[in-house]
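Student:
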Amino acid sequence: MNPSASRFPLALRLLHWLMAICILVMLFIGVGMVSTVSELQTWLIDLHKPLGILILCLAAIRACIRLTRPAPALPADLPTVQRVAAHLSHLLLYALMFALPLVGWAMLSAGGYPVQLFGTLQLPPIAPIDGPLFAFLRQAHTLLAMVLFATILLHLGAALFHAWVRHDGVWRTMTLGRSQRRPPISSIWISRSAGSS
Amino acid sequence: MRPTRPILVRLAAISGVLLLLSAAFAMAAGWLPPHRLGPDAIVDALEAHDGRHPGFRRAHAKGLCIEGSFLSNGTGALLSKAGIFAKADSPVIGRFSTGGGQPYAPDGRLAFRSLALSLTQANGEQWRMALDDTPIFPVATPQAFVDFQRATAPDPRTGKPDPARAGAYLAQHPETRAFLKWQQDTPLSSSFANETFYSINTFRFIDDAGKAWMVRWSFEPETPFEAIDKATLGARPANFLFDDVITRLAHNPLRWRLIVTIAEPGDTTDDATKVWPVDRRRIDVGTLVIDRALAEENGDCRNITFDPLILPSGIAPSDDPLLPARSGVYASSLARRDGEHGQPSALASDPQARRALP
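Chains as they are written, first to last, in numbering that gives the first Met the number 0: chain Z, 0 to 196; chain E, 0 to 357.
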């Protein structure tokens with residue numbers, strides 16, 4: 000493990016932005032489709048299910064990369080509260096990336112709904128047909144989606160705070176741009192402290 | 000190269016981004032005006048009309064689970080590539096019900112009688128449907144449905160519908176007047192067993208070549224039609240319809256032919272209040288055999304919805320605006336009743352509708 004990585008691996012950065020788009024689109028589709036009985040509803044639901052499974056698959060790949068490849072350290076001068084908040088919110092984001100598709104899939108299973116993707120591809124049920132379980136999972140799916148949206152707001156706000164206020168290089172650890180106009184403070188610090196190795 | 004803009008401006012920019020994203024989310028969710036008709040509002044209207052009965056479906060609250068099979072004769076495969084039309088038998092679960100949201104309403108009244116089915120084809124895909132005993136529906140749009148429910152809901156002060164409001168609604172809705180006249184004028188069958196059930200909405204069948212056929216369908220009983228005297232309906236026992244079908248099924252299976260009717264160009268496909276001309280091509284695609292009745296406590300019909308948009312590949316929705324509304328409303332109703340503790344169903348204590356039957 001190389002603790003002095005200055006940015007996340009390219010694959011992880013690509014996945015981050017791809018999933019950011021997917022998840023935001025997914026949240027908008029989700030709240031939209033349950034709010035209407037217009038013909039848009041059918042179309043949105045047919046999009047929601049395969050997109051959810053796609054996010055679940057991408058989350059699995061992403062978690063593997065995240066756990067096996069080095070991640071850049073946070074700036075040393077970051078206050079402890081923000082450091083803890085960063086770690087907890089990232090943990091929560093990962094947990095929700097898995098939980099929302101799985102709860103949705105289990106919810107459809109419990110409600111006796113076939114989980115059908117693209118017309119014919121049918122996923123097996125992952126929960127028994129069970130009334131109270133369906134009601135619980137549907138509420139949980141909605142609640143978790145709201146928590147995810149709130150966490151994304153927090154995450155985005157914090158990222159922009161790093162980029163626009165602290166200028167500490169954290170934003171650049173996740174961007175796709177190649178050129179590095181000025182070395183991030185964190186990497187200076189890390190390379191200095193890790194220089195003894 | 001220190002940033003020159005004051006920190007407050009930069010914080011404001013961040014807040015602005017978050018606010019914009021939140022506002023867009025709220026708009027997508029329909030939390031901001033303009034008002035959007037959603038499934039929950041429709042279920043609220045149903046509850047306002049018939050009261051809230053915990054644990055029960057918000058529409059067609061009174062019902063009975065049934066089991067049987069669909070014997071396809073293979074002809075349907077000419078119209079749809081759905082596996083259900085291969086020459087084979089498919090298991091069926093379903094539900095007989097009467098209209099309205101009151102789970103103990105007497106059967107002796109002019110209300111929908113319905114057959115709901117879930118057919119499972121060999122590859123596991125399901126075809127669900129909820130059919131009524133009328134070839135036409137009283138309303139064409141979800142908004143009209145809500146307006147009709149509200150106009151005929153009991154006034155909180157009198158406990159009875161306000162004739163002025165109902166009249167005002169009917170004055171604007173000739174299609175609902177036509178439905179009520181049809182209901183008054185048409186002979187009423189004596190039993191679920193000799194009733195014809197109609198798909199209500201139009202659907203698309205897609206054949207092997209990818210061609211789409213606009214279709215409606217009906218289940219036509221093999222049990223001969225027999226009318227019941229509407230004048231003495233109110234004097235019948237509260238559960239006479241359900242008791243009748245339970246008794247029949249305890250002795251013999253009941254059978255219906257599945258007749259698919261094909262639209263001609265120009266036939267209405269997006270309006271369930273309009274019938275098609277009688278000379279449209281009708282194709283017999285198989286037989287529904289119902290051989291068992293079970294109270295909802297014992298059967299498998301209670302915890303699923305007969306969402307008409309649960310369709311196998313080869314059957315697709317039409318442009319009828321009622322279809323997404325039925326799908327959304329059934330899901331909303333399921334989520335509500337599944338989270339509640341309910342009373343036993345009207346037929347729970349029927350000795351012939353228990354699992355113990357051979």
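Just so you know, even glycine gets a beta-carbon here, dropped at the ideal spot from N, CA and C. From a predicted model like this one, the values you see are computed outputs, not experimental measurements.
When you compare only the Cα positions, how much space is there between residue 47 of chain E and residue 37 of chain Z?
Tutor: For residue 47 of chain E and residue 37 of chain Z, the distance between alpha carbons rounds to 22 Å.
Student: According to DSSP, is residue 16 of chain Z part of a helix, a strand, or is it coil?
Tutor: Looking at residue 16 of chain Z - three-state DSSP - the assignment turns out to be helix.
Student: Helix, strand or coil: how does DSSP classify residue 127 of chain E here?
Tutor: DSSP places residue 127 of chain E in strand when its eight states are reduced to three.
Student: Report the residues of the stretch 59-72 of chain Z with a CB closer than 9 Å to any CB of chain E, ordered along the chain.
Tutor: From the stretch 59-72 of chain Z, no residue has a Cβ closer than 9 Å to chain E.
Student: For chain Z, check one thing: does any of its Cβ atoms lie closer than 9 Å to the Cβ of residue 10 of chain E?
Tutor: It does; some Cβ of chain Z falls within 9 Å.
Student: Identify whether residue 184 of chain Z lies in helix, strand or coil by the three-state DSSP scheme.
Tutor: Caution applies to residue 184 of chain Z, whose pLDDT of 48 falls short of 50 and renders its modelled position unreliable; the value that the coordinates give is listed next. Helix, per DSSP.
Student: Within the continuous alpha helix (DSSP H) that includes residue 97 of chain Z, where are the two ends?
Tutor: Where residue 97 of chain Z is concerned, the enclosing alpha helix (DSSP H) stretches over 79-109.
Student: Give the DSSP-derived three-state secondary structure of residue 64 of chain E in the structure shown.
Tutor: Three-state DSSP puts residue 64 of chain E in a strand.
Student: Any beta-carbon of chain Z closer than 9 Å to the one on residue 200 of chain E?
Tutor: With 9 Å as the cut-off, residue 200 of chain E does not count as an interface residue toward chain Z.
Student: Excluding the 5 residues preceding and the 5 following residue 54 of chain E in the sequence, name in chain order all residues of the same chain whose CB lies nearer than 8 Å to its CB.
Tutor: 336, 339, 340, 341, 342.
Student: Residues bridged to residue 281 of chain E by DSSP?
Tutor: Note: residue 281 of chain E sits in a beta bridge opposite E/260.
Student: Assuming residue 144 of chain Z contacts residue 26 of chain Z (C-beta within less than 8 Å), just tell me the rounded distance between them.
Tutor: Between residue 26 of chain Z and residue 144 of chain Z the Cβ distance is about 6 Å, and since that is below 8 Å, they are a contact.
Student: By Cβ distance below 6 Å, which residues in the same chain neighbour residue 301 of chain E in space, the five residues on each side in sequence not counted?
Tutor: The answer, listed in chain order, is 295.
Student: Going by DSSP, what residues sit across from residue 358 of chain E in a beta bridge?
Tutor: The structure shown does not extend to residue 358 of chain E, since chain E spans only 0 to 357, so no value can be given for it.
Student: Going straight from the alpha carbon of residue 162 of chain E to that of residue 150 of chain E, what length do you get?
Tutor: Spanning the two alpha carbons is a distance of roughly 9 Å.
Student: Going by alpha carbons, who is nearest to residue 74 of chain E out of E/345, E/256, E/330?
Tutor: Residue 74 of chain E has its Cα closest to that of E/256, out of E/345, E/256, E/330.
Student: For residue 134 of chain Z, return the contacting residues in chain E, with the cut-off set at a CB-CB distance below 9 Å.
Tutor: Those are 333, 334, 335, 336, 337, 338, 339, listed as they occur along chain E.
Student: Could you check where the beta strand (DSSP E) with residue 219 of chain E kicks off and where it finishes?
Tutor: First-last of the beta strand (DSSP E) with residue 219 of chain E: 211-220.
Student: Excluding the five sequence neighbours on either side, which residues of its own chain have a C-beta within less than 7 Å of the C-beta of residue 102 of chain E, listed in chain order?
Tutor: Excluding sequence neighbours, residue 102 of chain E sits near 52, 55, 60, 61, 344, 345.
Student: For residue 119 of chain E, which residues in the same chain have their Cβ closer than 7 Å to its Cβ, ignoring the five residues on either side in sequence?
Tutor: For residue 119 of chain E, where only same-chain residues beyond five positions count, the Cβ hits under 7 Å are 89, 90, 125.
Student: Short of 6 Å in beta carbon distance, which residues of its chain neighbour residue 254 of chain E, apart from the five on each side in sequence? Order them along the chain.
Tutor: Excluding positions up to five away in sequence, the list reads 221, 286, 288.
Student: My guess is that residue 252 of chain E and residue 67 of chain E are in contact by the Cβ rule of under 8 Å, so how many angstroms apart are they, rounded?
Tutor: 7 Å between Cβ atoms; contact.
Student: Between the alpha carbons of residue 133 of chain Z and residue 107 of chain Z, how many angstroms are there, rounded?
Tutor: Looking at the two C-alpha atoms, the distance is approximately 7 Å.
Student: Is the distance from the Cβ of residue 84 of chain E to the Cβ of residue 284 of chain E below 9 Å?
Tutor: Contact: yes.
Student: For the stretch 86-123 of chain E, which segments carrying the alpha helix (DSSP H) assignment without a break, of at least 4 residues, lie completely within its bounds, in sequence order?
Tutor: Listed in chain order, nothing qualifies, since the stretch 86-123 of chain E has no complete alpha helix (DSSP H) run of 4 or more residues.
Student: Tell whether a beta-carbon distance below 9 Å holds between residue 262 of chain E and residue 201 of chain E.
Tutor: Closer than 9 Å, so yes.
Student: Report buried or exposed for residue 83 of chain Z, applying the criterion of at least 16 other Cβ atoms within 10 angstroms of its Cβ.
Tutor: Exposed, because fewer than 16 other Cβ atoms sit within 10 Å of the Cβ of residue 83 of chain Z.
Student: For the alpha helix (DSSP H) containing residue 143 of chain E, list its first residue and its last residue.
Tutor: Counting along the chain, the alpha helix (DSSP H) containing residue 143 of chain E begins and ends at 141-150.
Student: Can you list the residues of chain E that residue 164 of chain Z reaches, using a CB-CB cut of under 8 Å?
Tutor: Going along chain E in sequence order, the residues near residue 164 of chain Z (Cβ under 8 Å) are 6, 9, 10, 13.
Student: Return the chain-ordered list of same chain residues with a C-beta closer than 7 Å to the C-beta of residue 153 of chain Z, the five sequence neighbours on each side being excluded.
Tutor: The answer, listed in chain order, is 88.
Student: Output the boundary residues of the alpha helix (DSSP H) element that contains residue 42 of chain E.
Tutor: Residue 42 of chain E -> alpha helix (DSSP H) spans 38-49.
Student: Residue 65 of chain E CB to nearest chain Z CB: under 9 Å?
Tutor: Taking Cβ atoms only, chain Z never reaches closer than 9 Å to residue 65 of chain E, which makes this a no.
Student: Could you tell me whether the Cβ of residue 137 of chain Z comes closer than 9 Å to any Cβ of chain E?
Tutor: By this cut-off, residue 137 of chain Z is an interface position.
Student: What do you reckon, are the CB atoms on residue 207 of chain E and residue 76 of chain E nearer than 9 Å?
Tutor: Closer than 9 Å, so yes.
Student: Just the C-alpha distance for residue 356 of chain E and residue 93 of chain E, rounded to the nearest angstrom, thanks.
Tutor: For residue 356 of chain E, the predicted model reports a pLDDT of 48, less than 50, meaning its position is unreliable; a value from the coordinates is still stated below. Whole-angstrom Cα-Cα distance: 17 Å.
Student: Using a C-beta to C-beta distance shorter than 8 Å, which residues of chain E count as neighbours of residue 129 of chain Z?
Tutor: Those are 302, listed as they occur along chain E.
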